[in-house]
Amino acid sequence: MPDSGYPWPISMTRLDNGLRVVVSEDRTAPAVAVNLWYDVGSRHEPAGQTGFAHLFEHLMFEGSMNVAKTEHMKLVQGAGGSLNATTNPDRTNYFETVPAEHLELALWLEADRMGGLVPALTQETLDNQRDVVKNERRQRYENVPYGDAWLRLLPLLYPPGHPYHHATIGSMADLNAADLATFQAFHQTYYAPNNAVLTVVGDTSVDEVVALAEKYFGAIPARAEIPPAPDGRVVPSTGVPATETVVADVPAPRVYVAHRTHPFGSPGYDVVTVLAAVLGSGRGSRLYQRLADGERIAQPDLVGAYGVDLAHAPAPLIATVTARPGVSGQRLAAGLAEVVDELVTVPVTAAELDRAKALLTTAWWRQMSTVDGRADALGRYATQFGDPATVADRLPAWLAVTADQIAEAAAEVLAADDRVTLIYHPEEKP
Numbered sequence: 001m002p003d004s005g006y007p008w009p010i011s012m013t014r015l016d017n018g019l020r021v022v023v024s025e026d027r028t029a030p031a032v033a034v035n036l037w038y039d040v041g042s043r044h045e046p047a048g049q050t051g052f053a054h055l056f057e058h059l060m061f062e063g064s065m066n067v068a069k070t071e072h073m074k075l076v077q078g079a080g081g082s083l084n085a086t087t088n089p090d091r092t093n094y095f096e097t098v099p100a101e102h103l104e105l106a107l108w109l110e111a112d113r114m115g116g117l118v119p120a121l122t123q124e125t126l127d128n129q130r131d132v133v134k135n136e137r138r139q140r141y142e143n144v145p146y147g148d149a150w151l152r153l154l155p156l157l158y159p160p161g162h163p164y165h166h167a168t169i170g171s172m173a174d175l176n177a178a179d180l181a182t183f184q185a186f187h188q189t190y191y192a193p194n195n196a197v198l199t200v201v202g203d204t205s206v207d208e209v210v211a212l213a214e215k216y217f218g219a220i221p222a223r224a225e226i227p228p229a230p231d232g233r234v235v236p237s238t239g240v241p242a243t244e245t246v247v248a249d250v251p252a253p254r255v256y257v258a259h260r261t262h263p264f265g266s267p268g269y270d271v272v273t274v275l276a277a278v279l280g281s282g283r284g285s286r287l288y289q290r291l292a293d294g295e296r297i298a299q300p301d302l303v304g305a306y307g308v309d310l311a312h313a314p315a316p317l318i319a320t321v322t323a324r325p326g327v328s329g330q331r332l333a334a335g336l337a338e339v340v341d342e343l344v345t346v347p348v349t350a351a352e353l354d355r356a357k358a359l360l361t362t363a364w365w366r367q368m369s370t371v372d373g374r375a376d377a378l379g380r381y382a383t384q385f386g387d388p389a390t391v392a393d394r395l396p397a398w399l400a401v402t403a404d405q406i407a408e409a410a411a412e413v414l415a416a417d418d419r420v421t422l423i424y425h426p427e428e429k430p
């Protein structure tokens with residue numbers, strides 16, 4: 001077992017305004033990855049402001065005080081770099097990978113939109129990006145088969161008022177109702193240096209990055225009070241399984257089974273991560289062997305199980321299968337439930353455990369093989385756990401999981417009376 005899942009150097013410096021600056025030097029190639037994690041996601045959104053965190057993912061590319069609209073992308077791409085941003089319930093992050101000589105450009109751009117977005121935000125830009133988000137909702141969630149599964153699973157897993165009850169895409173009614181001043185206030189509240197982690201990985205040094213961070217971010221004032229997200233760590237069990245059946249324009253029946261487990265980063269979630277690989281990763285998994293290859297009721301390429309890595313509440317474990325022609329949703333749901341239940345009664349074999357750990361090891365080193373993958377991981381661990389160096393503990397924790405721990409975890413978190421089941425049936429057509 002490796003001693004560490006992260007063999008590169010790690011440094012963290014805190015500027016006077018609270019910005020944490022994480023640096024990991026790697027001179028292998030003349031490139032750097034810049035990754036900025038803001039501790040704001042959909043879990044922070046107050047009632048009536050759902051979708052705000054995700055909308056800002058779009059607005060942050062629409063110009064700031066010293067950068068014209070669309071210029072951020074043009075400057076990074078013109079320098080030979082790539083860039084993007086993502087939002088999830090826990091955070092929003094912005095990232096670019098550029099040739100090392102353009103590190104200063106990337107940091108200036110990020111600083112300008114942290115400290116200078118609000119003066120440049122206009123009603124026209126807001127309205128335009130609201131329309132973009134509406135189109136995204138239609139394209140990703142409403143007009144694709146099974147696209148709304150996540151929107152349906154979250155309220156089944158987490159009760160009203162829980163910070164994970166709604167999806168990051170949010171409510172179009174909330175986005176339409178809010179005025180420009182409300183959006184400006186949201187940015188001023190959460191897009192502050194003391195609510196962010198700046199990570200740089202690659203062909204640079206700690207001294208260079210800290211000096212540039214001080215130069216461009218140092219004058220941005222800290223936010224005195226940043227409201228915390230509601231506490232979602234406890235989700236009372238109802239003792240009653242929740243099932244939703246959907247008739248939609250889908251090509252075949254599909255079933256999702258979901259359970260609340262443990263927060264990402266906890267020892268319990270490490271066990272669940274290995275359990276999910278045993279259950280649903282690849283052709284050697286229990287789901288594939290039983291339902292796709294054995295009983296042949298599930299389509300081979302549409303079988304899987306995975307944890308959703310949420311850090312501030314019991315994170316969901318989701319298993320999903322899609323039916324072969326002629327197989328009903330009820331038959332598929334019964335087969336999926338049987339395989340999940342057998343994780344409690346049928347011990348995981350040494351071969352299953354070794355295979356799951358090998359898959360997780362490969363996935364881990366695949367992420368660590370790139371500077372952008374490492375920058376994102378360090379930003380996560382600094383933001384969510386306060387110490388980027390704890391990233392090195394994750395892979396060893398997975399590799400230390402035992403079959404007995406998996407059986408115990410299955411008995412604890414996979415109870416049928418606390419299960420969420422979502423079943424899609426195709427519409428009947430003439």
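Residue 430 is where the sequence shown ends in full-length UniProt numbering, and the numbering goes up by one at each step. Cβ atoms here follow ideal geometry from the backbone N, Cα and C, with glycine treated the same way.
Helix, strand or coil, according to DSSP, for residue 242 in the structure here? Translated into positions along the sequence shown, residue 242 becomes position 242. Strand at residue 242.
Identify which residue in 122, 399, 420, 17 has its Cα closest to the Cα of residue 275. Looking up residue 275 in the sequence shown gives position 275. When each option's Cα is compared against that of residue 275, the closest is 399.
Just to confirm my understanding: we take residue 287, look at its own chain, exclude 5 residues before and 5 after, and list those with CB closer than 8 Å. What are they? What you label residue 287 is simply residue 287 of the sequence shown in a count that begins at 1. Close CB contacts of residue 287 within its chain, under the 8 Å cut and outside five residues either way in sequence, are with 279, 280, 298, 303, 304, 305, 319, 321, 336, 339 (chain order).
Top-ranked residue by Cα proximity to residue 157, from 328, 310, 181: One-based indexing of the sequence shown puts residue 157 at position 157. Of the candidates 328, 310, 181, the one whose C-alpha sits nearest the C-alpha of residue 157 is 310.
Residue interval of the alpha helix (DSSP H) (run including residue 190): Position 190 of the sequence shown, counted from the start, is the residue given in the question as residue 190. That run of the alpha helix (DSSP H) goes 180-190.
Could you check how far apart the C-beta atoms of residue 38 and residue 164 are, in whole angstroms? I think they sit under 8 Å. Counting from 1 along the sequence shown, the entry for residue 38 is found at position 38. Counting from 1 along the sequence shown, the entry for residue 164 is found at position 164. Contact doesn't hold; Cβ gap of about 18 Å is too wide.
CB of residue 106 within 8 Å of CB of residue 204, strictly: For the purposes of this step, residue 106 is identified with residue 106 of the sequence shown, where counting begins at 1. For the purposes of this step, residue 204 is identified with residue 204 of the sequence shown, where counting begins at 1. Cβ atoms of residue 106 and residue 204: not closer than 8 Å.
Runs of alpha helix (DSSP H) lying entirely within the UniProt domain "Peptidase M16 N-terminal" (21-139), each at least 4 residues, in chain order: Runs found: 52-59, 71-78, 103-120, 123-137.
I'd like to know if the region 73-93 and the region 125-139 are in contact, where contact means that at least 3 CB-CB pairs between them fall below 8 Å. With fewer than three CB-CB distances shorter than 8 Å, the region 73-93 does not count as touching the region 125-139.
Determine the DSSP secondary structure at residue 223, reduced to helix, strand or coil. Within the sequence shown, the letter at position 223 stands for residue 223. Residue 223: coil per DSSP, three-state reduction.
Just to confirm, are residue 36 and residue 142 a CB contact at a threshold of 8 Å? The residue you call residue 36 lines up with position 36 of the sequence shown. The residue you call residue 142 lines up with position 142 of the sequence shown. Going by C-beta atoms, residue 36 is not nearer than 8 Å to residue 142.
For residue 41 versus residue 168, is the C-beta spacing smaller than 8 Å? The residue you call residue 41 lines up with position 41 of the sequence shown. The residue you call residue 168 lines up with position 168 of the sequence shown. For residue 41 and residue 168, yes; Cβs fall inside 8 Å.
In terms of residue numbering, what span does the alpha helix (DSSP H) encompassing residue 406 cover? For the purposes of this step, residue 406 is identified with residue 406 of the sequence shown, where counting begins at 1. 403-413 is the span of the alpha helix (DSSP H), which, as asked, contains residue 406.
Whose CA, out of 208, 160, 223, lies closest to the CA of residue 185? Stepping through the sequence shown from its first residue, residue 185 is reached at position 185. For residue 185, the closest alpha carbon among the candidates 208, 160, 223 is that of 223.
Hey, could you find the ends of the alpha helix (DSSP H) residue 256 is sitting in? On the sequence shown, position 256 is the one that residue 256 refers to. Here residue 256 belongs to no alpha helix (DSSP H); instead the beta strand (DSSP E) covers 254-260.
Closest to residue 122 by CA distance: which of 152, 134, 180, 173 is it? Against the sequence shown, residue 122 aligns to sequence position 122. The shortest C-alpha separation from residue 122 is found at 180.
Under 8 Å, do residue 332 and residue 193 count as touching if we go by C-beta distance? By 1-based counting over the sequence shown, the position of residue 332 is 332. By 1-based counting over the sequence shown, the position of residue 193 is 193. No. Outside cutoff.
What does a CB cutoff of less than 8 Å around residue 171 pick up in its chain, not counting 5 residues either side in sequence? By one-based count along the sequence shown, residue 171 stands at place 171. Contacts found: 50, 51.
Using C-beta distances below 8 Å, list every residue in its chain close to residue 58, excluding the 5 sequence neighbours before and after it, in chain order. Along the sequence shown, one-based indexing puts residue 58 at 58. So the qualifying residues of the chain are 129, 132, 133.
Please determine if the region 263-275 and the region 348-365 are in contact, where contact requires at least 3 C-beta pairs separated by less than 8 Å. yes
Going by DSSP, which residues form a beta bridge with residue 12? As a first step, residue 12 is located in the sequence shown; it is residue number 12 there, counting from the start. For residue 12, which the question treats as bridged, DSSP gives the partners 22.
What runs of the beta strand (DSSP E), each 3 residues or longer, lie entirely inside the region 288-364? 298-307, 316-323
In its own chain, which residues sit with a C-beta less than 6 Å from the C-beta of residue 234, not counting the 5 before and 5 after it? The count along the sequence shown starts at 1 and reaches residue 234 at position 234. So the list is empty, once near-sequence residues are dropped.
For the putative contact between residue 55 and residue 175, defined by C-beta atoms under 8 Å, what is the C-beta separation to the nearest angstrom? Within the sequence shown, residue 55 is the residue found at index 55, counting from 1. Within the sequence shown, residue 175 is the residue found at index 175, counting from 1. Rounded, the Cβ-Cβ distance is 6 Å, consistent with contact.
Across the region 389-406 and the region 2-16, are there enough close Cβ pairs to call them in contact, namely three or more that are closer than 8 Å? yes
Segment limits, alpha helix (DSSP H) that includes residue 400: Reading the sequence shown from its first residue, position 400 is the one you call residue 400. Residue 400 -> no alpha helix (DSSP H), and no H or E assigned at all.
Any contact of the region 377-387 with the region 236-246, i.e. 3+ C-beta pairs under 8 Å? no
Taking residue 25 as the reference, which of 16, 343, 9, 43 has the closest Cα? Numbered from its first residue, the sequence shown carries residue 25 at position 25. Comparing Cα-Cα distances from residue 25 to each of 16, 343, 9, 43, the minimum goes to 9.
On the CB-based measure, 16 or more other CB atoms within 10 Å of its CB, does residue 365 come out buried or exposed? In the sequence shown, the residue the question calls residue 365 occupies position 365. Exposed, since its Cβ has fewer than 16 Cβ neighbours within 10 Å.
Which residue comes first and which comes last in the beta strand (DSSP E) that contains residue 199? Position 199 of the sequence shown holds residue 199. Looking at the DSSP string, the run of the beta strand (DSSP E) that includes residue 199 is 196-202.
Counting only beta-carbon atoms, is residue 269 nearer than 8 Å to chain D? Annotation note: the requested chain D is absent from the structure, which comprises a single protein chain.
If you run the structure through DSSP and keep just helix, strand and coil, what is residue 424? Position 424 of the sequence shown holds residue 424. Correct three-state label for residue 424: strand.
Hey, how far is the Cα of residue 21 from the Cα of residue 296? Locating residue 21 in the sequence shown gives position 21, where the first residue counts as 1. Locating residue 296 in the sequence shown gives position 296, where the first residue counts as 1. If I take the Cα positions, the gap works out to 52 Å.
For residue 167, name the three-state secondary structure that DSSP assigns. As a working mapping, residue 167 is identified with position 167 in the sequence shown. Correct three-state label for residue 167: coil.
Residues bridged to residue 248 by DSSP? Numbered from 1 along the sequence shown, position 248 holds the residue referred to as residue 248. For residue 248, which the question treats as bridged, DSSP gives the partners 426.
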